[in-house]
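To keep things clear, I will list the structure first and then write my remarks on it.
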Amino acid sequence: MTEITKKIGIAVKEILKGNVVALPTETVYGLGANGLNKNAVLKIYEVKKRPHFNPLILHLYGIDDLKKYAKHIPEEVYKLAEAYSPGPITYVLERKSIVPDIVTAGLDSVAVRFPSHKMFREVLKQSEVPIAAPSANRFGRISPVTARDVYKELNGKINYILDGGRCEVGIESTVISFLEGKIKILRPGYVTAKDIEKITGNKFRENGKRKMENGKEHFLNKKKYLSPGLLKSHYAPLTPLYIVEDLSALTRISKQNFYHINLSGYKNLKSAASNLFKEFRKADEKKYDFITIQKVENTGLGIAINDRIEKASTGTIDTFIGKSNSYLV
Ligand code: TXA
Ligand code: MG
């Protein structure tokens, strides 16, 4: 049985024992283990049922800790950190050998992040170890944003979930690579390309869309390695999700048991991002035949939201309607 607790001391003990514990962050819940303890990190893969060794984010307490685990840190990282860390931004940098291979999946780089959630920070401070943590969902599923979501994903697989309430940001951190003298956004997130441009002066393509459609290239050739967070099948709800370009398509579907996620009903993009995974889970729990959703404007935080929608989707509603005439009115 897995226990949901608000006691930080319990989470600290679990980390120091070499166990895996679910922890709240401002983005999504993480599945944490002592990032310097190989066996503890191995347990993360067992619990998540991740089929491959994907690199994990190393969560740190203070900016000063950065140089313990990464080298050749460019000035831009410190500038960005001043503005956004602690917060929802992850830096991919050259790693130092102290970081175990199991954390970086054998890459020469390491992803580091300084979470801002008070409880996570307290666990980092008290345990005095870096915490390796992926999102606390089973492989391929939606990231959890409440302790209850984690419980549903991982009950019986871990001893404790530290309950820090609902995650404010609601989608995963922006992942930025600083390797080979270039700044690249590997995963769009709450901190937008514009935000990064303003601080670093680096220009990004308007829509940071990736070419890679599946994970093959990524696993075959490490040099071309981008980020498994870019796999198309990531973040999927169990119920098929179809993207609707034109809302009038919904009127062409007969009385099927489906749910339309209306993101425009939220007051702004921040609120839409923060509710996106909650909406997916809600729809999954209600056991609809399928879910529909319309993308948001593809600028700023909208890029991260649309990225998660695309990864979660099975296709557009038109392909669906085309496949099954019986669904037509
Ligand atoms: O908001 C977040 O980032 C959450 C919370 C728990 O911190 N964590 C999270 O972890 O989303 P995960 O494992 O689900 O996603 C981490 C992403 C993956 O896409 C992974 O490929 C990428 O970061 N990543 C990690 N290390 C990397 C590296 N060395 N090079 C390139 N990408 C890396
Ligand atoms: Mg994840």
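Read left to right, the sequence shown gives residues 59 to 387 (the numbering used here).
Every residue gets a Cβ at the ideal spot worked out from N, C-alpha and C, and that includes glycine.
Taking the CA atoms as reference points, residue 226 sits about 10 angstroms from residue 82. Checking the 8 angstroms criterion, the Cβ of residue 263 is out of range of every heavy atom belonging to the ligand TXA.
In this structure, the alpha-carbon of residue 262 lies about 23 angstroms from that of residue 85.
When the beta-carbon positions are compared, residue 201 and residue 193 come within less than 9 angstroms of each other.
Under DSSP, the beta-bridge partners assigned to residue 152 are 129 and 167. Burial state of residue 188 is buried, judged by a 10 Å Cβ sphere holding 16 or more other Cβ atoms. One thing to note: residue 339 has its Cβ no nearer than 9 angstroms to the Cβ of residue 221. Residue 90 sits in a strand when the DSSP states are folded into three classes.
Counting only the Cα atoms, residue 154 lies some 15 angstroms from residue 96. DSSP, reduced to helix, strand and coil, places residue 103 within a helical segment of the structure shown. DSSP places residue 366 inside the alpha helix (DSSP H), whose first and last residues are 359 to 370. Going by DSSP, residue 337 is part of the alpha helix (DSSP H) stretching over 327 to 343. The Cβ-Cβ distance between residue 299 and residue 363 does not fall below 9 angstroms.
Ranking 305, 359, 255 and 113 by CA distance to the CA of residue 376 puts 305 first.
The residue among 258, 359 and 92 with its C-alpha nearest the C-alpha of residue 235 is 258.
Of the heavy atoms belonging to the ligand MG, at least one sits nearer than 8 angstroms to the Cβ of residue 195.
The alpha-carbon separation between residue 165 and residue 147 amounts to approximately 20 angstroms. In the DSSP assignment, residue 190 falls within the beta strand (DSSP E) that extends over 189 to 191. Residue 145 places its beta carbon 9 angstroms or farther from that of residue 116.
Cβ-Cβ distances below 7 angstroms link residue 173 to 83, 84, 117, 144 and 179 in the same chain, with the five nearest sequence neighbours on each side left out; the list follows chain order. For residue 129, the closest C-alpha among the options 366, 348, 360 and 237 is that of 237. Residue 111 and residue 103 have their C-alpha atoms spaced approximately 7 angstroms apart. Of the candidates 62, 351, 347 and 248, 248 places its Cα closest to the Cα of residue 357. Collapsing the DSSP output to three states places residue 229 in coil. Taking the Cα of residue 232 as reference, the smallest distance to any Cα among 254, 240 and 311 is reached at 254.
Around the C-beta of residue 59, fewer than 16 other C-beta atoms lie within 10 Å, and the residue is accordingly described as exposed.
The Cβ-Cβ distance between residue 328 and residue 359 falls below 9 angstroms. When the five nearest sequence neighbours on each side are left out, the beta carbons in the same chain lying within less than 7 angstroms of the beta carbon of residue 72 are those of 79, 217 and 218, in order along the chain.
If you draw a 10 Å sphere on the C-beta of residue 373, you find fewer than 16 other C-beta atoms in it, and that means exposed.
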